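S.K.:
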Amino acid sequence: MATLELRNVNKSYGAGLADTLKDIQLAIEDGEFLILVGPSGCGKSTLMNCIAGLESISGGAILIDQQDVSGMSPKDRDIAMVFQSYALYPTMNVRDNIAFGLKIRKLPQAAIDEEVARVAKLLQIEHLLTRKPGQLSGGQQQRVAMGRALARRPKLYLFDEPLSNLDAKLRVEMRTEIKLMHQRLKTTTVYVTHDQIEAMTLGDKVAVMKDGIIQQFGTPQQIYNDPANQFVASFIGSPPMNFIPVRLTRQDGRLLALLDSGQARCELPLGVATDAFDGREVILGVRPEQISLGAGEGNGLPAIRAEVQVTEPTGPDLLVFVTLNQTKVCCRLAPDVACQVGDSLDLLLDPARVLLFDAHSGERLDLSSAAAPLKDNVARFKGR
Ligand SMILES: Nc1ncnc2c1ncn2[C@@H]1O[C@H](COP(=O)(O)OP(=O)(O)OP(=O)(O)O)[C@@H](O)[C@H]1O
Ligand SMILES: [Mg+2]
Numbered sequence: 001m002a003t004l005e006l007r008n009v010n011k012s013y014g015a016g017l018a019d020t021l022k023d024i025q026l027a028i029e030d031g032e033f034l035i036l037v038g039p040s041g042c043g044k045s046t047l048m049n050c051i052a053g054l055e056s057i058s059g060g061a062i063l064i065d066q067q068d069v070s071g072m073s074p075k076d077r078d079i080a081m082v083f084q085s086y087a088l089y090p091t092m093n094v095r096d097n098i099a100f101g102l103k104i105r106k107l108p109q110a111a112i113d114e115e116v117a118r119v120a121k122l123l124q125i126e127h128l129l130t131r132k133p134g135q136l137s138g139g140q141q142q143r144v145a146m147g148r149a150l151a152r153r154p155k156l157y158l159f160d161e162p163l164s165n166l167d168a169k170l171r172v173e174m175r176t177e178i179k180l181m182h183q184r185l186k187t188t189t190v191y192v193t194h195d196q197i198e199a200m201t202l203g204d205k206v207a208v209m210k211d212g213i214i215q216q217f218g219t220p221q222q223i224y225n226d227p228a229n230q231f232v233a234s235f236i237g238s239p240p241m242n243f244i245p246v247r248l249t250r251q252d253g254r255l256l257a258l259l260d261s262g263q264a265r266c267e268l269p270l271g272v273a274t275d276a277f278d279g280r281e282v283i284l285g286v287r288p289e290q291i292s293l294g295a296g297e298g299n300g301l302p303a304i305r306a307e308v309q310v311t312e313p314t315g316p317d318l319l320v321f322v323t324l325n326q327t328k329v330c331c332r333l334a335p336d337v338a339c340q341v342g343d344s345l346d347l348l349l350d351p352a353r354v355l356l357f358d359a360h361s362g363e364r365l366d367l368s369s370a371a372a373p374l375k376d377n378v379a380r381f382k383g384r
């Protein structure tokens, strides 16, 4: 178990090439589980390889248990890593692949056998132990790679999309197993994923990365409820947050966002604000579950009547698509709501939950002050 700290880590793959990692700063406590998410090519695997010592860093420092390991070789860092590309030993069978790290550490054979049996059972690969990697499917190879890491008790686990090749059912099972395992062992872990549910459910902390820059670092709830910018807001959540271009006006000390469904208009009250926002075109962010049905007379909120264009019953929810301000908007309604394409629904957007973003920079706007972008919010999440 260990703490992990990245201090202003930079990585360039060569002179003249743009930096792949830019001033990465984050710190996770002993036993914490960090999820790293971001679009393809943003630098996630590069960061993992730098932590593992497989790539050198161009600037900054990597500290494990407050010790600077930046110049240390991979084998001295006591890290177990599962690569995106499995990296199994092709000439060894599954049993030997899993046992490899234990043999190097000269564990007694009985302990090795016990550990191999334990992880093989956990990963449902007991029947594959005598096969070579070339005789396995991608998902099976991925589980063997996972087994090789889990057979060890290192200071740090690094998992680079360890479940991406598994079928949906096995993936869900493995997700729960990983969570149970972490609750039991409490080994500090960094875990890269593209999966929304994994990102929200597995991590104590989430780092959202784009173009080699950490956009936000916080708890899953902070990332979900209080995103620093439009990129983070759009990246987490499924179905994703709706982004509606709106014009703001100020009336009787209240700021209103103007919505138009084509058949009706509504002025959504957003709270008190300064004149700084009057007449401004911004992006209003509202998650599908923050839109509900109702005429809104009880709570004094104006509903907007809109025509149903598409319905998608997912089982637990009914997704209904309408158009607001010429933008497709997804509403997540109860599955028993009776509605057909062409029907009109009265929709309520929860004004306490909507977010505003600058139409150009995508930065969050703070309604409570005249200061336009929520700069200190970003700073708050970027650092420790
Ligand atoms: N060895 C290398 N030499 C030069 N450039 C590299 C090297 N490895 C990666 N890159 C570049 O660095 C950037 C980040 O790559 P990286 O593999 O870290 O992305 P990623 O976030 O893991 O993407 P994915 O989600 O597709 O796995 C990419 O532009 C990639 O082309
Ligand atoms: Mg990668």
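Note that the sequence shown covers residues 1 to 384 in UniProt numbering. In this text, a Cβ means the ideal position worked out from N, Cα and C, and glycines have one as well. Note that this is a predicted model, so its numbers are computed, not measured.
Proline 154 and aspartate 78: beta carbons closer than 7 Å?
M.R.: Taking 7 Å as the Cβ cut-off, proline 154 and aspartate 78 qualify as a contacting pair.
S.K.: Need the endpoints of the alpha helix (DSSP H) that cysteine 50 sits in, please.
M.R.: Run containing cysteine 50: 44-52, per the alpha helix (DSSP H) assignment.
S.K.: Measure the beta-carbon distance from arginine 364 to proline 227 and round it to whole angstroms, keeping in mind my assumption that it falls under 8 Å.
M.R.: Indeed, because the Cβ distance is near 7 Å, the residues count as touching under 8 Å.
S.K.: Quick one: is the Cβ of serine 45 within less than 6 Å of any heavy atom of ligand 2?
M.R.: Correct: serine 45 has its Cβ closer than 6 Å to ligand 2.
S.K.: Buried or exposed, going by whether 16 or more other CB atoms sit within 10 Å of the CB of serine 338?
M.R.: Here the sequence assigns alanine to residue 338, which means serine is not the residue at that position. Under this definition alanine 338 is an exposed residue.
S.K.: Please state the DSSP three-state secondary structure of alanine 379.
M.R.: Note that alanine 379 has pLDDT 38, beneath the 50 cutoff, so the model's placement of it is unreliable and the number below is only indicative. Correct three-state label for alanine 379: helix.
S.K.: Pick from Gly138, Gly139 and Ala120: whose alpha carbon is nearest that of threonine 130?
M.R.: Of the listed residues, the one whose Cα sits closest to threonine 130 is Ala120.
S.K.: On the three-state DSSP scale, how would you describe phenylalanine 235?
M.R.: Correct three-state label for phenylalanine 235: helix.
S.K.: Can you check whether the CB of leucine 4 is closer than 7 Å to the CB of isoleucine 57?
M.R.: In this structure, leucine 4 does not lie closer than 7 Å to isoleucine 57 by Cβ.
S.K.: Hey, quick one: how far does the alpha helix (DSSP H) through phenylalanine 100 stretch, first residue to last?
M.R.: 94-104 is the extent of the alpha helix (DSSP H) around phenylalanine 100.
S.K.: Exposed or buried, what is asparagine 149 when buried is set at 16 or more other beta-carbons lying within 10 Å of its beta-carbon?
M.R.: Contrary to the premise, residue 149 reads as alanine rather than asparagine in this sequence. Burial call: buried.
S.K.: What residue range does the alpha helix (DSSP H) around valine 341 cover?
M.R.: First-last for valine 341: undefined, no H or E at that position.
S.K.: How long is the line joining the alpha carbons of aspartate 376 and glutamine 216, rounded to whole angstroms?
M.R.: Note that aspartate 376 scores 41 on pLDDT, short of 50, meaning its location in the model is unreliable and no value can be drawn from it.
S.K.: Counting C-beta neighbours from all protein chains within 10 Å, is the total for glutamate 114 16 or more, i.e. buried, or is it exposed?
M.R.: Exposed, by the Cβ-count rule.
S.K.: Going by alpha carbons, who is nearest to glutamine 328 out of Pro302, Leu356 and Gly262?
M.R.: The sequence given here has lysine at residue 328, not glutamine. Cα-wise, what sits closest to lysine 328 is Gly262.
S.K.: State the DSSP-derived secondary structure class of methionine 1, mapped to helix, strand or coil.
M.R.: Correct three-state label for methionine 1: coil.
S.K.: Tell me proline 269's beta-bridge partners as DSSP assigns them.
M.R.: According to DSSP, which records beta bridges pairwise, proline 269 is partnered with Leu256.
S.K.: Could you compute how far the alpha carbon of glutamine 109 sits from the alpha carbon of glutamate 312?
M.R.: Cα to Cα, the separation comes out at about 56 Å.
S.K.: Quick one: is histidine 182 buried, meaning 16 or more other Cβ sit within 10 Å of its Cβ, or exposed?
M.R.: Buried is the call here.
S.K.: Rounded to the nearest angstrom, how far is the Cβ of valine 347 from that of alanine 306, given a contact under 8 Å?
M.R.: Correcting the residue identity first, residue 347 is leucine in this sequence and not valine. Between alanine 306 and leucine 347 the Cβ distance is about 6 Å, and since that is below 8 Å, they are a contact.
S.K.: CB of serine 70 to nearest heavy atom of ligand 1: below 6 Å?
M.R.: No, the beta carbon of serine 70 sits no closer than 6 Å to any heavy atom of ligand 1.
S.K.: Measuring only the C-alpha atoms, how far is threonine 91 from proline 133?
M.R.: The straight-line gap from Cα to Cα measures roughly 8 Å.
S.K.: As a quick exercise: from Leu47, Tyr13, Arg353 and Ile178, pick the residue whose alpha carbon is nearest that of glutamate 289.
M.R.: Of Leu47, Tyr13, Arg353 and Ile178, the residue nearest in Cα terms is Arg353.
S.K.: Examine ligand 1 and report whether any of its heavy atoms sits within less than 6 Å of the Cβ of serine 137.
M.R.: Outside the cutoff, so no.
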